[in-house]
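Taking the numbering used here, the leading residue of the sequence shown gets 124, the next gets one more, and so forth.
Just so it is clear, CB atoms sit at the ideal spot from N, CA and C, and this is done for glycine as well.
Values in this document were obtained by computation on a predicted structure and should not be read as measured data.
Below is one structure, written out as structure tokens; the observations come after it.
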Amino acid sequence: MTADTGGETTGETPQGDVVQAQDVTVGTGAEAKPGSIVSVLYVGRLSDGTVFDSSEAHNNEPLRFQLGAQGIIPGFQIGINGMKEGGERLIAIPPAFGYGDNPVRQDPNDPASAVVIPGKSTLIFNIKLVKVEEAPPATTTSEATE
Numbered sequence: 124m125t126a127d128t129g130g131e132t133t134g135e136t137p138q139g140d141v142v143q144a145q146d147v148t149v150g151t152g153a154e155a156k157p158g159s160i161v162s163v164l165y166v167g168r169l170s171d172g173t174v175f176d177s178s179e180a181h182n183n184e185p186l187r188f189q190l191g192a193q194g195i196i197p198g199f200q201i202g203i204n205g206m207k208e209g210g211e212r213l214i215a216i217p218p219a220f221g222y223g224d225n226p227v228r229q230d231p232n233d234p235a236s237a238v239v240i241p242g243k244s245t246l247i248f249n250i251k252l253v254k255v256e257e258a259p260p261a262t263t264t265s266e267a268t269e
């Protein structure tokens, strides 16, 4: 499979790199938008088909995070934005929206550990959006101290 999924463009860099997304199944539930708390099941592959991570490797527990928060690669978030709960989407993430030139190692603290994702890799994800929750309202300092 190549990075061209034939889907819609959902992100672009000044160099022309794009995150591409193709809905496999359109969901009918709540829509994921920046600030939403999302829970997803996923399989991540390199462009040669090698699986580098999946929900299955984590006891089939959905990955839960706030859309737009730090800690999740930008392309993953761009690809989920706009999905509806219950939907499944295939996304292709170029290096600029993934890990860039840097390889990802099995143990990030050990430079001699095995490379799981080579630098400059295009990442392919099959994502199922299990749940969308609204983010809790932010509390102000005065509310937090009352």
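Pairwise C-alpha distance: residue j and residue i
i: Ala153; j: Val166; result: 22 Å
i: Val141; j: Gln200; result: 13 Å
i: Ile214; j: Asn249; result: 7 Å
i: Lys174; j: Pro241; result: Before going further, note that residue 174 is Val rather than Lys in the sequence given. Their Cα atoms are separated by approximately 13 Å.
i: Gly223; j: Gly139; result: 14 Å
i: Leu164; j: Phe220; result: 20 Å
i: Asp230; j: Gln145; result: 32 Å
i: Ile247; j: Leu169; result: 6 Å
i: Val149; j: Ala235; result: 42 Å
i: Glu184; j: Asp176; result: 13 Å
i: Asp171; j: Lys243; result: 13 Å
i: His181; j: Phe188; result: 15 Å
i: Pro197; j: Gly158; result: 14 Å
i: Thr202; j: Gln143; result: Looking at the sequence provided, one finds Gly at residue 202 rather than Thr. So the two alpha carbons sit approximately 7 Å from each other.
i: Gly194; j: Asn225; result: 16 Å
Three-state secondary structure (DSSP) of residue i
i: Gln189; result: strand
i: Gln229; result: coil
i: Ala219; result: helix
i: Ile73; result: Missing from the structure shown is residue 73; the chain here goes from 124 to 269 and no further.
i: Ser178; result: helix
i: Gly202; result: helix
i: Glu256; result: strand
i: Ala144; result: strand
i: Val149; result: coil
i: Asn183; result: coil
i: Lys156; result: coil
i: Ser162; result: strand
Given residue i as reference, the closest of the options once Cα atoms are compared
i: Leu186; options: Ile247, Thr151, Val161; result: Val161
i: Glu179; options: Pro259, Pro260, Lys251; result: Lys251
Distance cut-off 7 Å: residue i Cβ against heavy atoms of the ligand FMN
i: Pro231; result: By its list of ligands, the structure shown contains no ligand whatsoever, and the ligand FMN lies outside what it can speak to.
Evaluate contact between the stretch 245 to 263 and the stretch 199 to 207, counting only Cβ atoms and requiring at least three cross-stretch pairs below 8 Å.
-> yes
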